[in-house]
Amino acid sequence: MSESDNKFLTSPIPSPRSQSPTSSSTTPAADNQDSDPSRRFHEDGTSSSISQQPSLPTTPTCTPEDCTQCKRQADDANQEQLKQFAAMPGHQQSIFLAGLIFQHIERLELIQPPEAPYVLPDSLKAKIEKYTFIVLIDPSLPKYLSDDGPLNLVLDFIQKHLSWGLSSAIMEDPVKLKVIVKAIRDEATNLRNLFKDEVKCSIEHSASDGSLQPAINIVKLCKNIVGICSRIASKVWVSLKMAARFAFVRNEYVAAYAANNSKPGRNFWIRVDQRLERYQKEKNNDEVKISSIFGRILQSDRRIYGSIDVENLLKEPLSMDELERE
């Protein structure tokens with residue numbers, strides 16, 4: 001590449017009027033058709049110029065008039081650049097385009113690649129599955145569906161154990177936190193569906209083979225629900241409070257079943273949360289008064305689905321921290 005070409009790469013696009021007065025286009029010989037070997041004559045008397053320095057085969061030449069359609073779509077600044085580019089000799093057009101390509105390559109190299117998507121560590125995933133389950137079987141859970149229920153309780157608990165992978169840096173990273181929140185919500189949704197299936201099967205129903213399956217008492221229902229998470233099933237025992245809470249859930253299922261033509265519907269857990277909220281408001285969040293409501297529901301459940309040995313349910317269940325130490 002010549003020194004003049006290098007200078008061209010760092011200079012503005014030349015205006016068509018900046019051509020040297022000594023160029024071949026303004027010499028007297030250029031005006032004399034007979035003496036100019038660069039002109040070709042045709043049978044109809046017309047003539048055309050033969051470029052002494054033809055453009056590269058891959059670089060088509062054009063005049064400003066040929067760019068009319070492009071100029072209509074461009075703004076004023078682009079129109080002027082198109083005019084200047086069209087007036088360039090072919091080799092200068094090639095140099096100009098090469099310069100643009102090199103410039104874009106440099107810009108692309110400066111672009112930082114996006115970070116790899118955050119993948120939930122297996123250890124943290126296992127903890128989420130375990131403690132989402134523990135939260136959902138807790139008889140003191142205020143809500144089953146709202147974020148004020150299982151989501152925040154699980155997040156608060158696993159944040160206490162930084163070794164599990166939920167560090168403060170991750171909590172401050174919205175992308176990573178979104179992955180963790182989704183994992184908790186998905187697990188809670190899956191468990192709620194499994195709980196509802198167990199409640200459904202605890203009521204007298206027809207099996208797939210047509211046989212009539214009898215109802216089961218509340219202790220058996222609770223044990224079936226606890227058995228969903230086999231990893232900790234041996235560490236969790238059915239308490240009186242748990243029996244009362246799932247007797248309440250079963251009672252709501254039967255009511256929804258009757259109200260929706262044998263289909264509790266997708267809003268079942270919304271109904272459960274609304275009922276819990278109603279009890280809390282009516283009793284001003286008085287735990288003793290609320291417990292008396294669940295106690296009456298449990299008594300009704302025992303009459304309908306079978307008696308239980310209450311004495312075996314008086315042992316208090318382990319807390320989440322105690323289950324972690326077990």
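Heads up: the sequence shown begins at 1 in the UniProt record's numbering, then just goes up one per residue.
Yeah, the Cβ is synthetic: ideal placement off N, Cα and C, and Gly gets one too.
- In this structure, the CA atom of VAL272 is about 31 Å from the CA atom of ASP209.
- In chain order, SER202, ILE203, GLU204, ILE304, TYR305 and GLY306 place their CB closer than 8 Å to the CB of ALA215, counting only its own chain and leaving out the 5 sequence neighbours on each side.
- Secondary structure at HIS161: coil, using DSSP grouped into helix, strand and coil.
- The DSSP-derived three-state label of LEU82 is helix.
- Under the criterion of beta carbons closer than 8 Å, TYR131 and ILE158 qualify as touching, at roughly 6 Å.
- When only Cα atoms are considered, ALA207 and GLN213 end up about 6 Å apart.
- Within the same chain, Cβ atoms closer than 7 Å to the Cβ of ARG275 are found at GLU252, the five residues on either side in sequence being excluded.
- Among the bridge pairs identified by DSSP, LEU212 is matched with SER206.
- Judged by DSSP in its simplified three-state form, ASP122 adopts helix.
- Just so you know, the alpha carbons of ALA188 and ASP309 end up roughly 31 Å apart.
- Per the coordinates, the alpha-carbon of ILE218 lies some 9 Å from the alpha-carbon of ARG250.
- C-alpha of SER291 to C-alpha of ILE232: approximately 26 Å in a straight line.
- The C-beta separation of MET242 from CYS229 comes to about 14 Å, leaving the pair out of contact by the 8 Å criterion.
- DSSP, read as helix, strand or coil, puts SER291 in helix.
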